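A short worksheet on the structure shown next.
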Amino acid sequence: MRLLALLLLCLALPVHAEGFISRLLHKPVPGGVAVLQLGSKASAPQVRFQGKSVLTVKEDGQQWIAIIGLPLTSQPGTAQALVDGQAVEFQIGSKHYREQRITLKNPEQVNPNPANLKRIERELAEQTAAYQQFSPRQPSNLLFDKPVAGPLSSPFGLRRFFNGEERNPHSGLDFAAKTGTPIKAPAAGKVILIGDYFFNGKTVFIDHGQGLISMFCHLSAVDVQLGQELPRGGLLGKVGSTGRATGPHLHWNVSLNDARVDPAIFIGAFTP
Ligand SMILES: [Zn+2]
Numbered sequence: 327m328r329l330l331a332l333l334l335l336c337l338a339l340p341v342h343a344e345g346f347i348s349r350l351l352h353k354p355v356p357g358g359v360a361v362l363q364l365g366s367k368a369s370a371p372q373v374r375f376q377g378k379s380v381l382t383v384k385e386d387g388q389q390w391i392a393i394i395g396l397p398l399t400s401q402p403g404t405a406q407a408l409v410d411g412q413a414v415e416f417q418i419g420s421k422h423y424r425e426q427r428i429t430l431k432n433p434e435q436v437n438p439n440p441a442n443l444k445r446i447e448r449e450l451a452e453q454t455a456a457y458q459q460f461s462p463r464q465p466s467n468l469l470f471d472k473p474v475a476g477p478l479s480s481p482f483g484l485r486r487f488f489n490g491e492e493r494n495p496h497s498g499l500d501f502a503a504k505t506g507t508p509i510k511a512p513a514a515g516k517v518i519l520i521g522d523y524f525f526n527g528k529t530v531f532i533d534h535g536q537g538l539i540s541m542f543c544h545l546s547a548v549d550v551q552l553g554q555e556l557p558r559g560g561l562l563g564k565v566g567s568t569g570r571a572t573g574p575h576l577h578w579n580v581s582l583n584d585a586r587v588d589p590a591i592f593i594g595a596f597t598p
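Going by the numbering used here, the first residue of the sequence shown is number 327, and it counts up by one from there.
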C-alpha cells in the first residue's frame with residue numbers, strides 16, 4: 327500500500343533527479359513536510375498552501391523546490407498547492423502517533439481557572455501572530471543543527487493526556503538536558519518574540535526566513551533581545567523547566583507556513 331502511494335507520488339511529479347534537501351525533508355504525512363519540484367525557471371515561483379505563502383528555495387542552484395508544512399490535522403489523500411496561481415496536486419500519506427499520559431501535580435495546569443484561561447488566550451494569540459510572519463530572507467540552512475546537546479526525550483505528535491484528560495497533541499520535539507544547558511540557534515535568524523507564558527514558560531521565537539520559524543520553551547534564561555539577529559549556532563538561552571514542565575528539558579517547535587511540523591525531520595532524526 328505504501329509502495330503504491332509512493333509510486334503514485336512519483337508519477338504525479340515532474341521527473342528529474344532530486345537533491346539531498348528534497349530527499350531528507352520530503353515526509354508528506356500529517357505533521358510532516360511535502361517537497362514539490364518546480365523546475366528551473368529564472369524567477370522564484372510564488373507558492374501558496376491553504377491560503378498561506380510557502381517557502382521556496384533553489385536546490386543545488388538548479389531546481390526550485392517548495393517546502394510545504396503539513397498541519398497535524400491534515401487528512402491523508404490528495405492535497406493541492408497553488409504554484410504561480412496554478413493548482414499542483416500532491417499526496418499526503420498517513421502516520422500513526424502514539425499516546426502519552428502525563429501526571430501533573432498542579433491541577434491548575436490541566437484545568438486553568440478563568441483568569442488563567444484569559445491569559446492563555448492572550449498568549450496564544452501573540453504566539454499565533456508570530457508563526458504567521460513571513461519574511462523574505464532565505465534560511466541560512468534547511469538541514470538544522472540540534473539546538474541542544476542531549477538525547478531526544480519526547481517525539482512530536484504524541485496524543486497527550488494530562489491527568490487522564492486529552493489535551494492538544496505534542497507540537498514539538500523534546501530534548502532531555504540539565505537546567506542551564508546552552509541552547510543554540512539551529513539556523514541563523516531574527517528574534518521575533520520573547521515571552522514568559524503559562525504553558526510554555528520562558529520562550530524565544532526565531533524567524534529563519536520565509537515562514538520557517540522555531541520556538542524554544544521552558545527556558546531558565548533568555549540570552550537574546552527582541553529584534554536581535556542570531557548567527558547559526560548563536561546562543562539564545564538556557565534549558566529550564568518554566569511553565570508546564572515536569573522537569574528540565576528543551577521543547578522545540580518548528581513551523582512552516584504556519585503549520586507546526588516534526589522538528590526531527592530537519593535534523594535527520596525522523597521516524598516514520
Ligand atoms: Zn515538549
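Where a beta carbon is used, it is the ideal one built from N, C-alpha and C, also for glycine.
What you are looking at is a predicted structure, and each value in this text was computed from that prediction instead of being measured.
Could you check if residue i is buried or exposed, using at least 16 other CB atoms within 10 Å of its CB as the buried criterion?
i, result
"Asn494", "exposed"
"Thr404", "exposed"
"Asn583", "buried"
"Lys444", "exposed"
"Gln600", "Past the edges of the chain, shown from 327 to 598, lies residue 600, and the structure says nothing about it."
"Gly490", "exposed"
"Gly377", "exposed"
"Ala511", "buried"
"Pro440", "exposed"
"Pro481", "buried"
"Gly498", "buried"
"Ala451", "exposed"
Measure the alpha-carbon distance for residue i versus residue j and round it to whole angstroms.
i, j, result
"Val436", "Trp390", "45 angstroms"
"Gln554", "Gly358", "29 angstroms"
"Gln453", "Leu430", "24 angstroms"
"Val414", "Lys472", "33 angstroms"
"Gly506", "Arg463", "31 angstroms"
"Pro598", "Gln406", "23 angstroms"
"Ala571", "Gln388", "45 angstroms"
"Ile394", "Arg374", "9 angstroms"
"Arg349", "Ala595", "13 angstroms"
"Lys528", "Trp578", "12 angstroms"
"Arg486", "Ser366", "43 angstroms"
"Gln372", "Leu538", "16 angstroms"
"Ile518", "Glu492", "31 angstroms"
"Leu556", "Val550", "9 angstroms"
"Ser540", "His496", "15 angstroms"
"Ser479", "Pro589", "13 angstroms"
"Val380", "Gln536", "7 angstroms"
"Leu468", "Ser420", "24 angstroms"
"Gln401", "Ala370", "29 angstroms"
"Leu351", "Phe524", "32 angstroms"
"Asn432", "Val409", "48 angstroms"
"Pro360", "Ser581", "First, the amino acid is wrong: residue 360 is Ala here, not Pro. Cα to Cα, Ala360 sits roughly 13 angstroms from Ser581."
"Gly476", "Gln459", "30 angstroms"
"Ile532", "Ile347", "21 angstroms"
"Val530", "Ala585", "18 angstroms"
"Val587", "Thr399", "11 angstroms"
"Phe416", "Ala513", "28 angstroms"
Does the distance from the C-beta atom of residue i to that of residue j stay below 7 angstroms?
i, j, result
"Ile509", "Phe542", "yes"
"Met382", "Ala368", "Residue identity check: residue 382 is Thr in the sequence provided, not Met. No. Outside cutoff."
"Leu545", "Gly563", "yes"
"Gly566", "Asn526", "no"
"Leu484", "Arg424", "yes"
"Val474", "Ala456", "no"
"Ile418", "Pro354", "yes"
"Phe470", "Phe592", "yes"
"Gly411", "Glu385", "no"
"Gly515", "His534", "yes"
Assuming residue i contacts residue j (C-beta within less than 8 angstroms), just tell me the rounded distance between them.
i, j, result
"His422", "Asp500", "So it is not a contact: roughly 19 angstroms between Cβ atoms."
"Glu434", "Asn442", "7 angstroms"
"Arg558", "Ser466", "5 angstroms"
"Pro397", "Pro356", "7 angstroms"
Quick one: does the C-beta of residue i sit closer than 6 angstroms to a heavy atom of ligand 2?
i, result
"Asp500", "Ligand 2 is not among the ligands present in this structure, which contains only ligand 1."
If you measure from the beta carbon of residue i to each beta carbon in chain B, is any gap under 7 angstroms?
i, result
"Leu364", "Checking the listed chains, one finds no chain B in this structure; it contains a single protein chain."
Quiz item: Could you give the uninterrupted runs of the beta strand (DSSP E) lying entirely in the region 375 to 435, keeping only those of 3 residues or more?
Solution: Those beta strand (DSSP E) runs which fall completely within the region 375 to 435 and span 3+ residues are 381 to 385, 389 to 395, 403 to 409, 412 to 418 and 425 to 428.
Quiz prompt | Segments assigned beta strand (DSSP E), at least 3 residues, entirely inside the region 437 to 497 | solution = DSSP runs (the beta strand (DSSP E)) wholly in the region 437 to 497: 478 to 480 and 485 to 488.
Exercise. Just list the beta strand (DSSP E) runs in the region 516 to 584, keeping only unbroken ones of 3 residues or longer that don't cross its boundaries, in chain order.
Key: 527 to 535, 538 to 545, 561 to 564 and 575 to 582
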